[in-house]
Amino acid sequence: MPAKTILVLVVFALTYLLIAARQLRFIPIGRPAGALLGAVAMVVIGAITPEETFQAVDHNTIVLLFAMMLLTVYLDRAGFFEASASLLLRLGRSPARILAATGVCAAVLSAFLVNDAVCLFLTPLIIVTCRRGGLPLGPFLIAIATSSNIGSAATLVGNPQNMIIGSLSQYSFATFLLRSLPAVVVGLAANLLLLFLYYRKHLPRGLDPAALYPVSLDRRRLLLVGLVSLGIVAGFFGGFHLGYTALAGVLVLILVDQREPREAFARVDWTLLVFFCGLFVVVAALRKTGLVEYVWQSSREMLDLDTNYGLAMFSGLMTVGSNVVSNVPMVLLTGPHLAELGNPSLGWVLLAFTTTIAGNLTLVGSVANIIVAERAKDHYTLGFYEYLKFGLVSTLVVLAVGVPLVCLGVRWF
């Protein structure tokens with residue numbers, strides 16, 4: 021193995037460790053600075069050029085994250101999160117029901133919106149809900165992250181990797197939904213059951229009665245922000261650019277507000293944007309070594325999708341690979357070779373399902389997970405190992421029940 025490849029692997033491993041552990045005793049710099057350190061180190065060792073780093077960053081994702089964070093600021097100003105939290109508490113009435121409602125809401129929204137945006141939107145809402153209801157925040161954050169990943173597997177617009185699969189496979193929206201829906205519904209039910217079993221001792225028996233009272237609202241401002249938000253969602257469904265659609269909606273709110281948006285910009289989590297820019301560069305540098313391509317070529321013969329062994333090996337490789345290089349690069353690496361494995365109609369749906377569910381394995385397995393953790397960091401520290409203890413079991417169970425249902429879905433529809 022060339023010396024440069026070894027250096028790239030060392031830098032990648034150190035970066036992953038900094039991200040996973042959040043703060044190490046010998047380098048206590050946190051996730052964003054850890055990703056930035058890894059990106060700069062990749063440039064220093066010559067794994068990627070400065071010019072290539074700009075190409076490595078997915079600007080669509082960065083614009084979408086920036087716009088959605090600004091939108092959440094204006095939603096918060098209008099009292100949307102307080103009002104929604106009050107409604108959720110009054111309708112749910114019990115912690116277990118609220119936990120289930122959180123998971124279902126995250127999954128359904130993520131099937132039709134980008135799950136990253138859903139997590140940006142739901143996390144502050146759930147923080148307010150838990151604070152008012154005296155509920156432990158950890159289980160609800162994990163419910164948002166895992167359920168949004170599962171729900172996003174249902175459609176070709178649920179997450180970035182599914183959008184790529186839609187472009188490469190020429191699957192229609194309706195056919196893909198029909199074939200993936202059984203696995204997603206059963207997988208979500210299994211995940212919610214695991215959440216209840218795992219956290220039942222952490223949930224209080226009831227809610228504080230004071231939490232059930234409604235809150236006062238600025239109805240005019242809330243109506244305006246709500247209409248703009250609906251317009252953004254309509255733009256998503258209309259096929260417009262996700263990031264700039266959201267940004268256009270936010271600019272409408274800024275113009276109508278007639279105030280300098282300095283306070284709103286100050287509340288944007290700029291460190292989260294830095295984190296993703298650094299992570300994109302680190303992953304791109306690893307891909308340039310050709311090591312991932314070599315692993316794919318070496319294991320291709322074991323991945324025959326017409327055999328149970330091949331299905332199991334394919335699902336396992338996608339799960340591990342998606343947690344090493346991220347799910348979007350894994351789809352880009354696998355897509356061109358999928359026809360070689362036999363049964364491509366099954367392969368595309370299975371690729372979407374496994375790479376998406378793989379995101380539930382670790383805290384850094386998907387963008388959605390990291391968004392939830394970083395958005396909640398001022399209220400709760402969602403650690404790598406805390407997440408892993410639930411994520412590992414959930415991922416294995418959902419894959420075990422979901423992969424056979426994907427096969428049946430393709431056969432039925």
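Residue numbers (our numbering): 21 to 433. Beta carbons are placed, not taken as given, at the ideal position from N, Cα and C, and that holds for glycine. Source: prediction; values computed, not measured.
Segment limits, alpha helix (DSSP H) that includes residue i
i	result
Ile164	157-172
Met338	328-345
Ala98	Looking at the DSSP string, Ala98 is not in any alpha helix (DSSP H), and its letter there is neither H nor E.
Glu71	70-76
Gln278	Where Gln278 is concerned, there is no enclosing alpha helix (DSSP H), given that its DSSP letter is neither H nor E.
Glu313	311-319
Asp136	135-153
Phe256	239-257
Thr375	364-377
Pro424	404-432
Tyr219	193-219
Ser187	180-189
Val384	Run containing Val384: none; DSSP gives neither H nor E here.
Ser130	115-132
Glu283	282-286
Gly66	No alpha helix (DSSP H) contains Gly66, which DSSP labels as neither H nor E.
Rounded straight-line distance, which links the Cα of residue j to that of residue i
i	j	result
Leu38	Leu299	12 Å
Leu353	Ala304	12 Å
Val28	Pro180	26 Å
Val206	Ser189	25 Å
Ile377	Leu201	14 Å
Thr149	Glu102	8 Å
Ile252	Phe285	19 Å
Gly255	Tyr329	43 Å
Ile184	Val351	8 Å
Met322	Leu90	47 Å
Ala332	Trp316	15 Å
Thr401	Gly186	36 Å
Val405	Ala388	First, the residue type needs correcting, since residue 405 is Tyr and not Val in the sequence shown. Their Cα atoms are separated by approximately 17 Å.
Pro364	Leu293	36 Å
Arg476	Glu313	Nothing can be reported for residue 476, as the shown portion of the chain is limited to 21 through 433.
Ala23	Thr35	18 Å
His222	Tyr407	15 Å
Ala268	Asp398	29 Å
Pro281	Arg51	28 Å
Phe132	Leu198	14 Å
8 Å contact criterion, which residue i and residue j should meet: CB distance rounded
i	j	result
Cys139	Ala165	7 Å
Gly123	Ala163	5 Å
Ala98	Asp238	6 Å
Ile147	Leu157	7 Å
Leu208	Ala266	No, Leu208 and Ala266 are not in contact; Cβ-Cβ is about 26 Å, not under 8 Å.
Ser414	Leu214	5 Å
Ser192	Ser168	Contact flag wrong, Cβ pair sits at about 24 Å.
Gly341	Ala203	Rounded, the Cβ-Cβ distance is 20 Å, inconsistent with contact.
Val31	Ala61	5 Å
Leu306	Val348	At roughly 13 Å, the Cβ-Cβ gap does not stay under 8 Å, so Leu306 and Val348 are not in contact.
Leu107	Ala121	Not really, about 10 Å apart at Cβ, beyond 8 Å.
Phe86	Val288	7 Å
Short CB-CB distance (under 8 Å) between residue i and chain C
i	result
Pro364	Of the protein chains in the structure, only one exists, and it is not chain C.
Residue i: CB within 7 Å of a non-hydrogen atom of the ligand FAD
i	result
Phe256	The ligand content of the structure shown is nil, which means the ligand FAD is not present either.
Quick check: the stretch 107-120 against the stretch 260-268, are at least 3 beta-carbon pairs closer than 8 Å? no
The stretch 236-255 / the stretch 60-71 touching (three or more Cβ pairs under 8 Å): no
Give a yes or no on contact between the stretch 356-365 and the stretch 386-397, applying the rule of three or more CB pairs nearer than 8 Å. no
Are at least three pairs of beta-carbons, each pair with one atom in the stretch 371-385 and one in the stretch 412-432, less than 8 Å apart? yes
Do the stretch 288-298 and the stretch 53-62 make contact, defined as three or more Cβ pairs closer than 8 Å? Taking one beta carbon from each stretch, the stretch 288-298 and the stretch 53-62 have 3 or more pairs nearer than 8 Å; the two touch.
Cβ pair count under 8 Å reaching 3, the stretch 423-433 against the stretch 365-375: yes
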